[in-house]
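Residue numbers (the UniProt record's numbering): 1 to 230.
Don't be surprised by glycine CBs; every beta carbon is placed ideally from N, CA and C.
Reviewing the structure listed below.
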Amino acid sequence: MAKISKNRKAAAAKLEQGKIYSLEEAASLVKDITSTKFDASVDLDVRLGVDPRKANQMVRGVVTLPHGTGKAVRVLALVTPDKEQEAKDAGADYVGLDAYIDKIKNGWTDVDVIITMPPVMGKVGALGRVLGPRGLMPNPKSGTVTMEVGKAVKEVKMGKIDFKVDKYGIVHTSIGKVSFEPKQIVDNAKEFIEMINKLKPSAAKGTYVKSIYLSSTMSPGIQVEPKSID
């Protein structure tokens, strides 16, 4: 049996067993029970009443968090020469096309988001085996395949994230850092849950949002009352 650390025990002691907290309470508590020396991520796990194996119950979308994620997002723009300056001006970290495609073919994937254009998807599509498993493949549905390259780069830099329900019916995402103020965590969580509610499949029956847990990188999960996020 794994040994429970002192910090973990101390964090667990601050949680009332069986209690479901309001979002505001959880946002303050997650800061209080995190003792990492680094600025830990604040994560949200939402369990949905859907069957992801069925295409008409898939939940996938994008949302721009009002306070961003707190992470420095590295963006690669795979674009034609006429769009390179637009991507650079918007803040893309890496800009180009053929040279970066060759790098990726050789195993380089040191980026968080890749943005490209419809005219070059033929070239980018060939990278599916490398990018797909890492969640880096550009997709029109997430806004990462677009002619508005500058706008897409700016949105990602400002905190736009894409999410997808996993095979267990859970949507997991980071909504900030422990250094955020509780209100910033609340605002980001509300924006994320609101988007999930908008994406409720018509085929989903019964309770849609079954449970919500807020946690940091190294903390226990805090159960949140879904009705407190209205």
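Below 8 Å on the Cβ atoms is my contact criterion, and I expect residue i with residue j to pass it. Report the Cβ-Cβ distance as a whole number of Å.
i: leucine 78; j: isoleucine 175; result: In fact, because the Cβ distance is near 28 Å, the residues do not count as touching under 8 Å.
i: proline 52; j: valine 165; result: 5 Å
i: threonine 207; j: leucine 44; result: Their Cβ separation, rounded to whole angstroms, is 18 Å, which puts threonine 207 and leucine 44 out of contact at 8 Å.
i: threonine 80; j: valine 120; result: 6 Å
i: isoleucine 222; j: valine 30; result: 6 Å
What does the alpha-carbon distance come out to for the pair residue i and residue j?
i: alanine 204; j: lysine 88; result: 42 Å
i: alanine 189; j: lysine 160; result: 13 Å
i: aspartate 112; j: valine 124; result: 16 Å
i: valine 226; j: serine 211; result: Reading off the sequence shown, one finds proline at residue 226, where the question assumed valine. Rounded to the nearest angstrom, the two C-alpha atoms are 7 Å apart.
i: proline 133; j: threonine 109; result: 11 Å
i: valine 178; j: methionine 147; result: 36 Å
i: glycine 70; j: methionine 158; result: 9 Å
i: glycine 61; j: methionine 195; result: 8 Å
i: glutamate 84; j: valine 63; result: 25 Å
i: leucine 214; j: serine 28; result: 11 Å
Would DSSP call residue i helix, strand or coil?
i: isoleucine 185; result: helix
i: valine 134; result: Before going further, note that residue 134 is arginine rather than valine in the sequence given. DSSP places arginine 134 in helix when its eight states are reduced to three.
i: aspartate 32; result: helix
i: arginine 74; result: coil
i: serine 179; result: coil
i: serine 142; result: helix
i: glutamate 16; result: coil
i: arginine 129; result: helix
i: lysine 37; result: coil
How far does the alpha helix (DSSP H) with residue i in it reach, from first residue to last?
i: glutamine 223; result: Here glutamine 223 belongs to no alpha helix (DSSP H); instead the beta strand (DSSP E) covers 222-224.
i: lysine 227; result: No alpha helix (DSSP H) contains lysine 227, which DSSP labels as neither H nor E.
i: glycine 61; result: Segment 60-64 is the beta strand (DSSP E) holding glycine 61; no alpha helix (DSSP H) there.
i: glutamate 86; result: 81-90
i: valine 149; result: 149-158
i: methionine 123; result: Going by the sequence as given, residue 123 is lysine instead of methionine. Start and end: 121-125.
Which residues share a DSSP beta bridge with residue i?
i: serine 211; result: Arg47
i: histidine 172; result: Asp45
i: valine 111; result: DSSP, once it has assigned bridges, lists no residue as partnering valine 111.
i: tyrosine 21; result: Val224
i: serine 216; result: Val42
i: threonine 116; result: Leu78, Val145
Starting from residue i and walking both ways along the beta strand (DSSP E), at which residues does that stretch end?
i: valine 165; result: Note, valine 165: premise wrong, no beta strand (DSSP E); not H, not E.
i: valine 95; result: 94-96
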